[in-house]
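Shown next, in structure tokens, is the structure this report addresses.
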Amino acid sequence: MIIPQGKTEFDPMKSKNDSLDEVYQEKKSKNFWAIFLIFLVLLLFVLLYFSISINNKTTQDLKNQLQQKDLEIENIKKQLNDLNLQKEEKSKVKKEEAVALTPADREYLYDKEFFKKHNMNTESNLNKLGYETVIHTHTLEKGMEHFELRPFAVKKTAYIIDLIKRQSKYEGFEKKFAYINGVNSLRAYKTIYEEHNWKDKNEYKTVTEFLKNYENVEQQKAGAYILTKKELENDYKIDYLKFVKSRHSTRNYKKEPLKIEDVKAAVEMAKYSASACNRQYIKLHYYPTGKMKDNVIKYALGKGGLYLDGVNTFIITFDVNGLTGAGERNQGYFNAGLYSTNLVNALHSLGIGTCFIQFANSVKEEDALKKMNDIPEYERIAVILFAGYYDEKSIFAVSPRKDVNELLIEHK
Ligand SMILES: Cc1cc2nc3c(=O)[nH]c(=O)nc-3n(C[C@H](O)[C@H](O)[C@H](O)COP(=O)(O)O)c2cc1C
């Protein structure tokens, strides 16, 4: 069969099949697109869902974080508020305290704080160690002050040895009284043990061993000694009443500076004053001329009525490093008083008139004067003393004394 060019052979069955095929293909293609579209839509939905839920989650997280921060801010605000309240409370208390504290209260408080800061039991130094050594050395010498002796001071000697060794760590220790005195009292102790034939005792061996390394220390009288009544009488039988009555507060002086030898001679006499445990913590600051003398005069409250020409000035202090325990809080003033009496008597015996000038100054003034006049921080001023040679004529206030019966209270 000839098939005309450009024409295909017509086959009804084939044609029918072909058209079915086409329809089928078309439908298939349509279905594919429909499914693809549905899939796409679904995908979009899924994507949309995820994006929304992610978004929601992030928003929720941020919300949570914000809430957290809000809570933190709230907390900080609360803390700040509490702090402010505390601050207000404190300043209220302080204000109340300040109102309640009188100037005198503040002076007392200063005394307490000063004592707490500088007494012997705070941070150790050579000065404090020295005073502590003297206390224990003095106990040891009192132990030797008996007519009949038994072996004694086992622990005490060990402690003194320890104190002396501790002093050796500081510069300049070898020249200090406490060190020399400590070594010499151990020497006296050793001698007593030898005299009593107690050489087998451990304390004797310890002290002897220790002293071997201290042979070069200056020899000094130590321990105890006996005087007869006769010997004592030779020394004390003087007309003391005449002497003490001849001392008067002297408020006019010869216009002449004191000789340093005279001042030293007076100190040599005054140093025999009694002192608690022989500690000797009273100091005499001497200002004969210059700016420091002017400072003393400036701060001297009771100088009214005094002729200041020819005056030499002193400040008597006590060293708080030498005091131990609150019970001794007033010992400084008491010991300064004892020393001062002997000092003015000593100066009087050398032809030097004196007048105490009470130190009733504020602690602020005391502090300022100490700083200006090279007085160590840990000392306290007990009294000011003016002094000068007696002039050709002196004028004295009578200052009558009370009757003995008014002063002596006899408790029977
Ligand atoms: C601690 C003390 C403080 C004194 N303060 C002053 C003073 O500031 N001014 C003064 O002129 N005399 C002062 N005096 C001297 C006394 O007035 C004097 O000792 C007292 O009247 C007894 O007199 P008499 O020292 O001549 O025996 C003071 C005496 C002492 C013991």
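Counting along the sequence shown from 1, when you hit position 123 you're at 125 in our numbering, and nothing is skipped either side. The C-beta atom is built at its ideal place from N, Cα and C for all residues, glycine as well.
Residue nearest to residue i in terms of C-alpha spacing, selected from the options
i	options	result
V246	T104, D405, H350 and K65	H350
I377	F320, D311 and E28	F320
A348	S126, F212, Y195 and A267	A267
T159	I75, K207, N123 and F175	K207
V185	V209, T343, E197 and Y172	V209
L371	N123, G145, K295 and S55	K295
T193	I411, K171 and A226	A226
A190	R403, E98, M271 and E147	E147
G174	R331, H140, N127 and Q360	N127
E379	K414, R331 and F117	F117
D393	H413, Y309 and D405	Y309
N123	V406, E330 and E176	E330
I166	K29, E76, N129 and K119	N129
G306	L44, F358, V346 and K244	F358
E205	Q62, H120, T141 and K157	K157
E197	S53, E150 and H140	E150
N332	D63, T61 and N121	N121
Enclosing beta strand (DSSP E) for residue i [first to last residue]
i	result
Q360	I354 to Q360
R382	E381 to Y391
For residue i, the residue or residues it bridges with in DSSP
i	result
H287	I317
S251	T356
Residue i, enclosing alpha helix (DSSP H) - first and last residue
i	result
S170	Taken as a continuous stretch (DSSP letters only), S170 belongs to no alpha helix (DSSP H), as it is neither H nor E.
M146	First-last for M146: undefined, no H or E at that position.
G184	F179 to E197
L234	K231 to Y238
N344	Q333 to S351
R108	P105 to H120
G416	There is simply no residue 416 to check, as the chain begins at 3 and stops at 414 in what is shown.
E263	I262 to A272
Y1	A question about residue 1 goes unanswered here, because the residues of the chain that appear run from 3 up to 414.
K404	No alpha helix (DSSP H) holds K404; DSSP gives it neither H nor E.
L371	V365 to M374
Check whether residue i and residue j have beta carbons under 8 angstroms apart
i	j	result
A389	T356	yes
H287	N375	yes
T230	P259	no
I284	L387	no
D237	I354	no
F212	L234	no
N344	S275	yes
K232	P153	no
L131	Q81	no
Y391	Y289	no
F361	V385	yes
A272	Y341	yes
Test: residue i CB closer than 8 angstroms to a CB of chain C
i	result
S248	Judged by its chain identifiers, the structure shown contains no chain C, having just a single protein chain.
Open item on the list: Could you check whether the region 76 to 94 touches the region 329 to 347, counting it as contact only if at least three pairs of C-beta atoms, one from each stretch, sit closer than 8 angstroms?
Closed with: no
Open item on the list: Measuring CB atoms only, is the region 89 to 96 touching the region 295 to 305, in the sense that at least three cross pairs come out at less than 8 angstroms?
Closed with: no
- [ ] Decide yes or no for the touch test of the region 276 to 293 against the region 128 to 142: beta carbon pairs closer than 8 angstroms, at least 3 of them.
- [x] yes
Task: Segment contact, 8 angstroms Cβ cut-off, at least three pairs: the region 149 to 166 with the region 102 to 110 - done: no
Open item on the list: Using 8 angstroms as the cut-off, can you tell me whether the region 172 to 188 makes contact with the region 220 to 233, which would need three or more C-beta pairs spanning the two stretches below that distance?
Closed with: yes
TODO: Evaluate the contact criterion for the region 112 to 131 versus the region 304 to 315: three or more CB pairs, one atom per stretch, below 8 angstroms.
DONE: no
Open item on the list: Three Cβ pairs or more, each shorter than 8 angstroms: is that satisfied between the region 353 to 367 and the region 324 to 331?
Closed with: no
Task: At least 3 beta-carbon pairs within less than 8 angstroms: the region 392 to 407 vs the region 247 to 257 - done: yes
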